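For the sequence shown, the UniProt record's numbering gives the first residue as 1, with consecutive numbering after it.
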Amino acid sequence: EGCDRKCSFCSIPDIRGKHISRTIEDLVEETKKLAEKGVKEIILIAQDLTYYGLDLYKDRRLGELISQISDIKSIEWIRLHYAFPTNFPLDILPLIGEKPNICKYIDIPVQHITDKMLNIMRRGISRKETYLLLEKIRKEIPDVALRTTIMVGHPGESEKDFRALKQFISEVQFDRLGVFAYSYEEDTYSYNHYKDSNPEKLKEDRKNEILEIQESISMHLNYNKIGKLFKVIVDGREGEYFTGRTEYDSPEIDNEVIITNTDKQIKPGEFYQVKITDAETYDLFGEVIQ
1 EGCDRKCSFC
11 SIPDIRGKHI
21 SRTIEDLVEE
31 TKKLAEKGVK
41 EIILIAQDLT
51 YYGLDLYKDR
61 RLGELISQIS
71 DIKSIEWIRL
81 HYAFPTNFPL
91 DILPLIGEKP
101 NICKYIDIPV
111 QHITDKMLNI
121 MRRGISRKET
131 YLLLEKIRKE
141 IPDVALRTTI
151 MVGHPGESEK
161 DFRALKQFIS
171 EVQFDRLGVF
181 AYSYEEDTYS
191 YNHYKDSNPE
201 KLKEDRKNEI
211 LEIQESISMH
221 LNYNKIGKLF
231 KVIVDGREGE
241 YFTGRTEYDS
251 PEIDNEVIIT
261 NTDKQIKPGE
271 FYQVKITDAE
281 TYDLFGEVIQ
């Protein structure tokens, strides 16, 4: 809970306070109890997972935490949300690559890419460092799904900055991407130090441009999945079809797999091998094989 970062646009540290970690023992014990109740997917979530353990152990312990949770055999998927790019814990990469029940899915909100904007937004990382980090992650985990969050329209963002951001997104081709238009929140650093210089229409236009780029990327990535087999967890039924997700998709925010052969005995909460037969921009269609 909480966050120790000082991003210019964010009020969470003031609302929720400083980062507070629960002990490894506490989290492992809770996971075991959930597993006994039949839970098969665990999502470790924080405003900044990379800080985990610093307050308790004076050291970053995210790797140790996910390693111990991954030893709980009945937990089939462990998913990580919100790993800040600055001081990213590289020791977790071999674990994600090697442990079959740690999802090859990393949510790493980069927000922007030019040095100027990263500095204004107080992100504590440079353009070069961002590129190098993403390259390293993909080198160590070739089949990883990278999710990110982008912010457009922050005070100081020029047309040149925005063009660089679009080029960055086109080059990196994130598997999943969310985009927000800057909102002028009271008592944030930006509110107190910068004028909200970009008109609302410009912010929305830039947001829509980013979404258009990502739609094209997502369509391309999804079409490349046609004919391939994926392990899918079934979340439930919508109308005549069941819907589920691959390990590369988090609930509510990412792609769904729509299962079209409803004659099979399918149960929500169970895992199945699904062959992808068709694709749309943000959805896959498939048939249960076994």
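Don't be surprised by glycine CBs; every beta carbon is placed ideally from N, CA and C. Small disclaimer: the values here were computed from a predicted structure and weren't measured.
Output yes or no for whether 8 Å exceeds the beta carbon distance between residue i and residue j.
i           : j           : result
residue 277 : residue 270 : no
residue 194 : residue 236 : no
residue 148 : residue 113 : no
residue 150 : residue 144 : no
residue 45  : residue 63  : no
residue 246 : residue 267 : no
residue 284 : residue 222 : yes
residue 233 : residue 36  : no
residue 139 : residue 209 : no
residue 163 : residue 6   : no
residue 101 : residue 78  : yes
residue 133 : residue 172 : no
residue 99  : residue 70  : yes
residue 141 : residue 104 : yes
residue 68  : residue 39  : no
residue 279 : residue 225 : yes
residue 215 : residue 260 : no
Using C-beta distances below 6 Å, list every residue in its chain close to residue i, excluding the 5 sequence neighbours before and after it, in chain order.
i           : result
residue 207 : 152, 179, 181
residue 120 : 156
residue 229 : 273, 275
residue 168 : 113
residue 244 : 232, 233, 234, 235, 257
Determine the closest residue to residue i out of the options, with distance taken between C-alpha atoms.
i           : options            : result
residue 94  : 66, 214, 112       : 66
residue 238 : 224, 222, 256, 227 : 256
residue 47  : 56, 26, 73, 80     : 80
residue 128 : 110, 142, 140      : 110
residue 218 : 78, 254, 141, 132  : 254
residue 264 : 240, 115, 68, 97   : 240
residue 212 : 104, 142, 170, 199 : 170
residue 23  : 39, 58, 16         : 58
residue 34  : 250, 76, 106       : 76
residue 248 : 176, 130, 30       : 176
residue 159 : 205, 250, 16, 289  : 205
Short of 8 Å in beta carbon distance, which residues of its chain neighbour residue i, apart from the five on each side in sequence? Order them along the chain.
i           : result
residue 50  : 60, 62, 83, 84, 86, 87, 88, 89
residue 55  : 18, 19, 20, 21
residue 197 : 155, 156
residue 191 : 184, 185
Kindly list the residues whose CB is nearer than 7 Å to the CB of residue i, restricted to its own chain and excluding five residues on each side of it in sequence; keep chain order.
i           : result
residue 117 : 154, 156, 157, 161
residue 31  : 42, 69, 72, 75
residue 130 : 85, 110, 113
residue 115 : 126, 127
residue 97  : 140, 141
**Prompt:** Can you list the alpha helix (DSSP H) stretches of 4 or more residues lying completely in the region 179-234, in chain order?
**Reply:** Segments of the alpha helix (DSSP H) lying fully in the region 179-234: 189-193, 200-223.
**Message:** Threshold first: 4 residues or longer. Then list the alpha helix (DSSP H) segments lying entirely within the region 52-140, N to C.
**Reply:** Fully enclosed alpha helix (DSSP H) runs of 4 or longer: 54-57, 62-70, 92-98, 115-120, 127-140.
**Minimum length 4: unbroken alpha helix (DSSP H) runs contained in the region 17-52** = DSSP runs (the alpha helix (DSSP H)) wholly in the region 17-52: 24-36.
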